[in-house]
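Please read the structure below before turning to the comments.
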Amino acid sequence: MAVTSSGTATVTLPTDEQILITREFDAPRNLVFRAWTTPELVRRWWHANRGDVTVVEIDLRVGGRWRYAMVTEDGFEVAFHGEYREIVPDERIVATEVYEGLPEGVPEEEAVTTATFAERDGRTTVTLLVQHTSKAHRDGHIDSGMEAGLQDALDLLEQVAISLG
Amino acid sequence: MARAATTTDAFNAVAEPRRRAILDVLAGGERPVNDLVRVLGLAQPQVSKHLRVLREVGAVDVRGEGRQRLYRLNGHALKPIHDWVKAYERSWSERFDRLDAVLEELKQKEEGDGGDE
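Line by line, the protein sequences give chains A and B.
Residues in the first sequence are numbered consecutively from 1, following the working numbering.
Residues in the second sequence are numbered consecutively from 166, following the working numbering.
So, in structure tokens, the structure goes:
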């Protein structure tokens, strides 16, 4: 089946604590919402071609927990969990998000992600806003990555990228 | 604090897609503003504004030559950040390409069901 890409994701940093990811999809938003919130469907896209998804737990109600985990091709496990704060079916999901693999001694950070699904002419724009608690948290992965060299930066980047799922 | 300045650090400076486009062009060599305007298809005031931001964070340098002002990339400090944002974007693009495939299948299923929900 030929599938054409609807475009690349756009990443911007609206404020010091935020990351904003935007992408348009050639599908109505009820389907995008379904693909975003159904575990067996999430398993098929969340890995971003970088490994195997091992856990997708979604308890889609306010106060419900979620947890995603995957093993990258080089055997590195990355996992995230959080809690749903607001759910408007087909429109909006607000959830907290904690990365489970921070180095020892680094306090956990609870970021807040807001996914918005907006439909126009049968196409859906997804915007994913990640609100960190500080600029240091947002940039922390990157700073350490720059010291360690580009390859490590890319590995860390992968962790961060995955954290937004 | 009301809206914090978002363009005063290198990270934010390269997070703006048009500024990244300028950096990409300058990566190919020194250019006058007019060249950037032509290559990027943006209005000159816009390009000048982005160049100002990039100069403030040290991402580009400028020098005068005759009547022209030539801009060039001062890329060493910026490259890791630039790479990071790009790679981050690429990672999400790959994830969303997979999602495209899932959505295509859902659409076909819905059509097959004749929308009998």
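Even for Gly, the Cβ is constructed at its ideal location relative to N, Cα and C.
Item to check | Pairwise C-alpha distance: I246/B and E86/A | outcome: Taking the first sequence and counting its residues from 1, the one referred to as residue 86/A is at position 86. Taking the second sequence and counting its residues from 1, the one referred to as residue 246/B is at position 81. In this structure, the CA atom of E86/A is about 33 Å from the CA atom of I246/B.
Checklist entry - Span of the beta strand (DSSP E) holding A95/A? => result For the purposes of this step, residue 95/A is identified with residue 95 of the first sequence, where counting begins at 1. Unbroken beta strand (DSSP E) run through A95/A: 92-99.
Next on the checklist: Going by DSSP in three states, P14/A sits in which element: helix, strand or coil?
Outcome noted: Walking along the first sequence from the start, residue 14/A turns up at place 14. In this structure, P14/A counts as coil in the three-state DSSP scheme.
Next on the checklist: Please report the distance separating the alpha-carbon of L201/B from that of E77/A.
Outcome noted: As a first step, residue 201/B must be located in the second sequence, where it is residue number 36. As a first step, residue 77/A must be located in the first sequence, where it is residue number 77. Going from the Cα of L201/B to the Cα of E77/A covers about 44 Å.
Checklist entry - What is the rounded straight-line gap between the Cα of I21/A and the Cα of G231/B? => result Along the first sequence, read from residue 1 onward, the residue named residue 21/A stands at position 21. Along the second sequence, read from residue 1 onward, the residue named residue 231/B stands at position 66. Whole-angstrom Cα-Cα distance: 43 Å.
Item to check | Distance CB(R67/A)-CB(E57/A) smaller than 8 Å | outcome: By one-based count along the first sequence, residue 67/A stands at place 67. By one-based count along the first sequence, residue 57/A stands at place 57. Yes, the Cβ-Cβ distance between R67/A and E57/A is below 8 Å.
Next on the checklist: Taking contact to mean 3 or more Cβ pairs, one atom from each stretch, closer than 8 Å, check whether the stretch 95-109 of chain A and the stretch 37-49 of chain A are in contact.
Outcome noted: At 8 Å Cβ cutoff, the stretches do not touch.
Item to check | Cβ shell of T12/A (< 7 Å), same chain only, five flanking positions each side left out | outcome: For the purposes of this step, residue 12/A is taken as residue 12 along the first sequence, with counting starting at 1. In the same chain as T12/A, and ignoring 5 residues on each side of it, the C-beta atoms closer than 7 Å to its own belong to L20, in chain order.
Next on the checklist: Let's test the definition: count the other Cβ atoms within 10 Å of the Cβ of A136/A and tell me whether it reaches 16, buried, or not, exposed.
Outcome noted: Taking the first sequence and counting its residues from 1, one reaches residue 136/A at position 136. Looking at its Cβ environment, which holds fewer than 16 other Cβ atoms inside 10 Å, A136/A is exposed.
Checklist entry - Mind checking P210/B: buried by the 16 CB within 10 Å criterion, or exposed? => result Walking along the second sequence from the start, residue 210/B turns up at place 45. P210/B counts as exposed, since fewer than 16 other beta carbons sit within 10 angstroms of its beta carbon.
Item to check | Members of the stretch 27-41 of chain A that neighbour chain B once the beta carbon cut-off is set at 7 Å | outcome: Flagged, chain order: A27, L31, V32, R34, A35, L41.
Checklist entry - Taking Cβ-Cβ distances shorter than 7 Å, what residues in chain A pair up with P284/B? => result Within the shown structure, residues of chain B are numbered from 166 to 282, placing residue 284/B beyond reach of any answer.
Item to check | Residue-level contact to chain B via CB, F25/A, 8 Å cutoff | outcome: On the first sequence, position 25 is the one that residue 25/A refers to. So yes, F25/A belongs to the interface.
Checklist entry - If we ignore side chains and look at the alpha-carbon of each, how far apart do P182/B and F261/B end up? => result Numbered from 1 along the second sequence, position 17 holds the residue referred to as residue 182/B. Numbered from 1 along the second sequence, position 96 holds the residue referred to as residue 261/B. P182/B and F261/B have their alpha carbons spaced roughly 19 Å apart.
Next on the checklist: Please confirm whether K272/B has its beta-carbon closer than 8 Å to some beta-carbon of chain A.
Outcome noted: Against the second sequence, residue 272/B aligns to sequence position 107. Yes, contact with chain A.
Checklist entry - Are the C-beta atoms of L268/B and some chain A residue less than 8 Å apart? => result One-based indexing of the second sequence puts residue 268/B at position 103. Taking 8 Å as the CB threshold, L268/B lines the interface with chain A.
Item to check | Bridge partner(s) assigned by DSSP for Y68/A | outcome: Reading the first sequence from its first residue, position 68 is the one you call residue 68/A. DSSP, once it has assigned bridges, lists V56/A, F80/A as partnering Y68/A.
Checklist entry - List, in order along the chain, the chain B residues whose C-beta lies closer than 8 Å to that of V11/A? => result Along the first sequence, read from residue 1 onward, the residue named residue 11/A stands at position 11. The answer, in chain order, is A180, V250, Y253, E254, W257.
Checklist entry - Between the C-alpha atoms of R228/B and E195/B, what's the straight-line distance to the nearest angstrom? => result As a working mapping, residue 228/B is identified with position 63 in the second sequence. As a working mapping, residue 195/B is identified with position 30 in the second sequence. Cα to Cα, R228/B sits roughly 10 Å from E195/B.
Item to check | Reference L188/B; option with closest CA among G206/B, L216/B, N199/B | outcome: Locating residue 188/B in the second sequence gives position 23, counting from the first residue. Closest option to L188/B, Cα to Cα, is L216/B.
Item to check | Neighbourhood of H132/A by C-beta, 6 Å cutoff - its chain only, sequence neighbours within 5 removed | outcome: The count along the first sequence starts at 1 and reaches residue 132/A at position 132. Closer than 6 Å at the Cβ level, and outside the excluded window around H132/A, lie E17, A111, R138.
Checklist entry - Using a beta-carbon distance below 8 Å, is R44/A in contact with chain B? => result As a first step, residue 44/A must be located in the first sequence, where it is residue number 44. Output row for R44/A: interface = yes.
Next on the checklist: With a threshold of 8 Å between beta-carbons, can L264/B be considered close to chain A, or not?
Outcome noted: Here residue 264/B is taken as the residue at index 99 of the second sequence, counted from 1. By the rule that beta-carbons nearer than 8 Å mark a contact, L264/B touches chain A.
Checklist entry - Using a Cβ-Cβ cut-off of 6 Å (strictly less than) and excluding sequence neighbours within five positions of A79/A, which residues of its own chain qualify? => result On the first sequence, position 79 is the one that residue 79/A refers to. Here the set comprises A69, E100.
Item to check | Runs of beta strand (DSSP E) lying entirely within the stretch 185-248 of chain B, each at least 3 residues, in chain order | outcome: List check, beta strand (DSSP E) in window: 225-230, 233-238.
Item to check | Extent of the continuous beta strand (DSSP E) to which T127/A belongs | outcome: Along the first sequence, one-based indexing puts residue 127/A at 127. Where T127/A is concerned, the enclosing beta strand (DSSP E) stretches over 123-131.
Checklist entry - By the 10 Å Cβ neighbour count, where 16 or more other Cβ atoms means buried, how is P28/A classified, buried or exposed? => result If you number the first sequence from 1, residue 28/A lands on position 28. P28/A sits buried, since 16 or more C-beta atoms from the chains shown fall within 10 Å of its C-beta.
Item to check | Contacts that A48/A makes with chain B (C-beta to C-beta distance below 8 Å) | outcome: By 1-based counting over the first sequence, the position of residue 48/A is 48. Those within 8 Å of A48/A in chain B are S256, W257, E259, R260, R263.
Next on the checklist: Spatial neighbours of D59/A within its chain, please: C-beta separation below 6 Å, excluding the five flanking residues on both sides.
Outcome noted: On the first sequence, position 59 is the one that residue 59/A refers to. Result list for D59/A: R65, in chain order.
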